[in-house]
Amino acid sequence: MYGSRGREYLFCICFISCSLFAGNFTPTYDSIIKFYESLDKKYSRCKLVKAGKTDIGEPLHVFILSANNEFEPKKLKEQGKLILLINNGIHPGEPDGINACMEWSRDLLKTGSIPKDVVILIIPTYNVGGTLNRSCCSRANQFGPEEYGFRGNAQNLDLNRDFIKCDSKNAESFTKLFRKWDPHILVDTHVSNGADYQYTLTLIHTQRDKLGGMSSKQMDRMDPLLQDYCTKRGFSYCPYVNTLGETPESGIVGYMETPRYSTGYAALYSCIGYVVETHMLKPFDQRVKATRVFLEALLDISAKENANIRNARNASRKTGFETGKTVILDWQLDTAAYTLFDFLGFRSMKKKSEVTGLSRLFYDTTQQVTFPVKYFNTYSPSLQVERPLCYVIPQAWDEVIRRLEWNKVPVKRLKKDSTIRVEVYYIGDIQTGKNPYEGHYLHSNIQVRRDTQNVHYYKGDYLVYPDMITRRFAVETLEPQAPDSYFAWGFFDAVLQQKEWFSDYVFEEKAKELLDRNAALKEQFEKKKASDPVFAADAFAQLYFIYLNSPYYESSHRRYPVARVTSLH
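For the sequence shown, the numbering used here begins at 273 and goes up steadily by one.
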């Protein structure tokens, strides 16, 4: 009747004055920003600010709600305020949080019910490019709304894989915002994929073992309080349904968010994180309600637990994961450890597909069933490293340096050329993806060999001294074996390529001289020929073996540029 522009107009009018829980529409980017601008003009207890750039040319906005009209993070921290950061629209096709936060913030201001000791930061929509790329149909398995944004940003990146590599301007702006405000709690709002079940709301907590310390214990303390609040309001939830097998009956696995994800990144700073995952097959208005109820629960409990949350994080930062100087880089699931809970599901079965004629999975939503499910959420350290006194990074690797600076990692620059005794890594075997992943060919299963050398550095090169707050970030990005290290993301790939080679017919004479002068090398060479028929039949491989063990081979090949200082002497 009204057309899309007319519906948009009615939507905006309704949003300012009434409930939007009834409806199947999410606003456009322009309408979202105009709405928050209208609240900024109307109320003194809020402020809409531009927090940096995004890849589409529009700014990244953050809406601040503060009961005492103070909007400077330093002053608010001095006053003992708890900072709650809510990120919406990282996947704009999952807009439940966008709607929920608009109505919720309006009502908080209208009723004057912002808690005096909690400051709320709302990113109205993080992926601005994806929000502008609006259509009806990119979320094929999702029930509403009628139109929504696209998962990829203007560079076709999934921004929920970009918090370490920071390829996007959005992520750069978020990093600076996050480190400026240093929130105690982060919420990222999403809509799930996967199995079908009765719950409208599921939740990913920051993985408790990886979060560690008192922050983990505080999160455990808050869990039953959040569940009780949401259950009383009709939205009992369960852990995000990340199944061990095809269906929930196989068990649910606690999600291990590495730092590429928002809550995994936040955990590096002892920030408790929640990913709200409403269910794709539930009506949009119910999903929006569920998101709002969880945010209300978190705000209520955060206000009551303010001192405990702040004290827990301070304690976590003082101790972290370390036993002596050992830092955990990676984890593995303990499949022998689990808890049981009653899962509210639907009967799952197999039936013949009318499309393929083959067997297919089917959930019969007319048959509600409750059954015990194993929840696997215990992880054990699988990779550890000794934390150095500091790292040394040549200034040539400025992309990495910039990301350290955005995260406020303390650095010093050498005032003169210097030779420093350092521990270096040589990169051994690695596995590299055959296809690009978020703009990179990601490395994994990275093997390294350590050596101690005197390395020459130049005036202006960087000494990196992580402090109590930034040490986890620095270690997990600069240690090459870590799953989301800068090496794993390909920032140092140039060192993997050998630059100098040899001409085999010329090197023949030098190779003979090298063997004649080095009895140990000759013995090693002859043993390899005797034990390896392929090697024995390959003349170039034999020359290359000698070359690799000669002074002519470049010592910098596969030497990781970030060095470790482990001793003051």
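Virtual Cβ for every residue (Gly too), placed ideally from N, Cα, C.
As the structure is a computational prediction, the values presented were derived from the model and not from experiment.
At 3 residues or longer, and completely inside the stretch 537-596: list those beta strand (DSSP E) runs for me, N to C. 544-550
State the CB to CB distance for the pair Thr-478 and Ala-575, rounded to an integer number of angstroms; the pair is presumed to be in contact (CB under 8 angstroms). Position 206 of the sequence shown holds residue 478. Position 303 of the sequence shown holds residue 575. Rounded, the Cβ-Cβ distance is 20 angstroms, inconsistent with contact.
Pairwise C-alpha distance: Phe-450 and Glu-836: By 1-based counting over the sequence shown, the position of residue 836 is 564. By 1-based counting over the sequence shown, the position of residue 450 is 178. For clarity, residue 836 is Arg in the given sequence; the question names Glu instead. Straight-line Cα distance between these residues: approximately 28 angstroms.
Cys-510 versus Leu-475 - alpha carbon distance: The residue you call residue 510 lines up with position 238 of the sequence shown. The residue you call residue 475 lines up with position 203 of the sequence shown. For Cys-510 and Leu-475, the distance between alpha carbons rounds to 6 angstroms.
Name, in chain order, the residues that DSSP records as bridge partners for Leu-655. Taking the sequence shown and counting its residues from 1, one reaches residue 655 at position 383. Note: Leu-655 sits in a beta bridge opposite Asp-602.
Does DSSP put Asp-701 in a helix, a strand or coil? For the purposes of this step, residue 701 is identified with residue 429 of the sequence shown, where counting begins at 1. Asp-701: coil per DSSP, three-state reduction.
Look at Val-727 and Val-694 and say whether their C-beta atoms are less than 8 angstroms apart. The sequence position of residue 727 within the sequence shown is 455, counting from 1. The sequence position of residue 694 within the sequence shown is 422, counting from 1. For Val-727 and Val-694, yes; Cβs fall inside 8 angstroms.
Measuring alpha carbon to alpha carbon, tell me which of Pro-364, Phe-807, Lys-306, Leu-357 ends up nearest Leu-570. Start at 1 with the first residue of the sequence shown, and residue 570 comes out as number 298. Nearest C-alpha to Leu-570: Leu-357.
Beta strand (DSSP E) containing Ser-631: first to last residue? Locating residue 631 in the sequence shown gives position 359, where the first residue counts as 1. That run of the beta strand (DSSP E) goes 631-648.
Below-8 angstroms beta-carbon distance, Ile-600 vs any chain C residue: Annotation note: the requested chain C is absent from the structure, which comprises a single protein chain.
So, using beta-carbon positions, are Lys-646 and Leu-601 closer together than 8 angstroms? For this step, residue 646 is matched to residue 374 along the sequence shown. For this step, residue 601 is matched to residue 329 along the sequence shown. No, the Cβ-Cβ distance between Lys-646 and Leu-601 is not below 8 angstroms.
Suppose you measure from the CA of Trp-678 to the CA of Phe-807; what does that come to, to the nearest Å? Locating residue 678 in the sequence shown gives position 406, where the first residue counts as 1. Locating residue 807 in the sequence shown gives position 535, where the first residue counts as 1. Using only the alpha carbons, I get a separation of about 49 angstroms.
Terminal residues of the continuous alpha helix (DSSP H) containing Lys-489? As a first step, residue 489 is located in the sequence shown; it is residue number 217 there, counting from the start. Taken as a continuous stretch (DSSP letters only), the alpha helix (DSSP H) holding Lys-489 covers 485-504.
Should Gly-237 and Gly-324 be called a contact, given that it needs their Cβ atoms to be closer than 8 angstroms? There is simply no residue 237 to check, as the chain begins at 273 and stops at 841 in what is shown.
Please give me, in chain order, every unbroken run of the beta strand (DSSP E) with length at least 3 that falls completely inside the stretch 351-412. Runs of the beta strand (DSSP E) inside the stretch 351-412: 354-359, 390-395.
Once the 5 residues before and after Leu-815 are set aside, which same chain residues still bring their CB inside 8 angstroms of it? Position 543 of the sequence shown, counted from the first residue, corresponds to residue 815. Taken in chain order, the residues that qualify are Phe-774, Asp-776, Phe-779, Glu-780, Ala-783.
Buried or exposed for Asn-296, please, with buried defined as at least 16 other CB atoms from any protein chain shown within 10 angstroms of its CB. As a first step, residue 296 must be located in the sequence shown, where it is residue number 24. By the 10 Å Cβ count, Asn-296 comes out exposed.
Assigned secondary structure, Asp-327 (DSSP; H/G/I helix, E/B strand, else coil): Residue 327 sits at position 55 when you count from the first residue of the sequence shown. Coil.
Find out if the Cβ-Cβ distance for the pair Ser-542, Trp-603 is shorter than 8 angstroms. On the sequence shown, residue 542 is found 270 positions in, with the first residue counted as 1. On the sequence shown, residue 603 is found 331 positions in, with the first residue counted as 1. Not in contact: Ser-542 and Trp-603 (Cβ atoms no closer than 8 angstroms).
Beta-carbon proximity check, Pro-555 vs Gly-416, cutoff 8 angstroms: The count along the sequence shown starts at 1 and reaches residue 555 at position 283. The count along the sequence shown starts at 1 and reaches residue 416 at position 144. Against a cut-off of 8 angstroms, the Cβ pair of Gly-416 and Pro-555 comes out as a contact.
Answer with buried or exposed for Tyr-713, where buried requires no fewer than 16 other C-beta atoms within 10 angstroms of its C-beta. Position 441 of the sequence shown, counted from the first residue, corresponds to residue 713. Per the 10 Å Cβ criterion, exposed.
From His-829 to Lys-448, what distance separates their C-alpha atoms? One-based indexing of the sequence shown puts residue 829 at position 557. One-based indexing of the sequence shown puts residue 448 at position 176. Each residue's alpha carbon lies about 35 angstroms from the other.
How far does the beta strand (DSSP E) with Asn-461 in it extend, from its first residue to its last? As a position in the sequence shown, residue 461 is number 189, starting the count at 1. First, the amino acid is wrong: residue 461 is Thr here, not Asn. Looking at the DSSP string, the run of the beta strand (DSSP E) that includes Thr-461 is 457-463.
Which residue's Cα is closest to the Cα of Tyr-471: Glu-568, Ser-407, Val-548, Phe-435? Stepping through the sequence shown from its first residue, residue 471 is reached at position 199. When only C-alpha atoms are compared, the closest one is Val-548.
Are at least three pairs of beta-carbons, each pair with one atom in the stretch 555-568 and one in the stretch 688-706, less than 8 angstroms apart? no
Burial state of Thr-397, where buried means 16 or more other Cβ atoms lie within 10 Å: As a first step, residue 397 is located in the sequence shown; it is residue number 125 there, counting from the start. By the beta-carbon neighbour count (other beta carbons within 10 angstroms, threshold 16), Thr-397 is buried.
Going by the beta-carbon positions, is the gap between Glu-772 and Glu-710 smaller than 8 angstroms? If you number the sequence shown from 1, residue 772 lands on position 500. If you number the sequence shown from 1, residue 710 lands on position 438. No; because the gap between Cβ atoms is not below 8 angstroms, this pair is not in contact.
From which residue to which residue does the alpha helix (DSSP H) around Ala-813 run? Here residue 813 refers to the residue found at position 541 of the sequence shown. Here the alpha helix (DSSP H) through Ala-813 covers 811-820.
Using only the alpha-carbon positions, how far apart do Cys-318 and Asn-413 sit? As a first step, residue 318 must be located in the sequence shown, where it is residue number 46. As a first step, residue 413 must be located in the sequence shown, where it is residue number 141. Cys-318 and Asn-413: Cα-Cα distance of roughly 37 angstroms.
Thinking just about the alpha-carbon of each residue, which of Thr-724, Lys-561, Gln-770, Pro-299 is nearest to the one in Ser-839? Position 567 of the sequence shown holds residue 839. Of the candidates Thr-724, Lys-561, Gln-770, Pro-299, the one whose C-alpha sits nearest the C-alpha of Ser-839 is Thr-724.
By the 10 Å Cβ neighbour count, where 16 or more other Cβ atoms means buried, how is Ser-803 classified, buried or exposed? Translated into positions along the sequence shown, residue 803 becomes position 531. Answer is exposed; the Cβ neighbour count stays below 16.
Where Ile-305 falls: helix, strand or coil (DSSP): As a first step, residue 305 must be located in the sequence shown, where it is residue number 33. Here Ile-305 sits in helix by DSSP.
By DSSP, does Lys-731 sit in helix, in strand, or in coil? Within the sequence shown, the letter at position 459 stands for residue 731. Three-state DSSP puts Lys-731 in coil, outside helix and strand.
Going by the CB atoms, is the gap between Tyr-832 and Val-767 shorter than 8 angstroms? Walking along the sequence shown from the start, residue 767 turns up at place 495. Walking along the sequence shown from the start, residue 832 turns up at place 560. Note that the C-beta distance between Val-767 and Tyr-832 is below 8 angstroms.
Along the alpha helix (DSSP H) that carries Arg-744, what are the first and last residues, could you check? Translated into positions along the sequence shown, residue 744 becomes position 472. Element bounds for Arg-744: 743-750.
Whole angstroms is fine: what's the gap from Asp-689's alpha carbon to Lys-313's? Numbered from 1 along the sequence shown, position 417 holds the residue referred to as residue 689. Numbered from 1 along the sequence shown, position 41 holds the residue referred to as residue 313. Using only the alpha carbons, I get a separation of about 56 angstroms.
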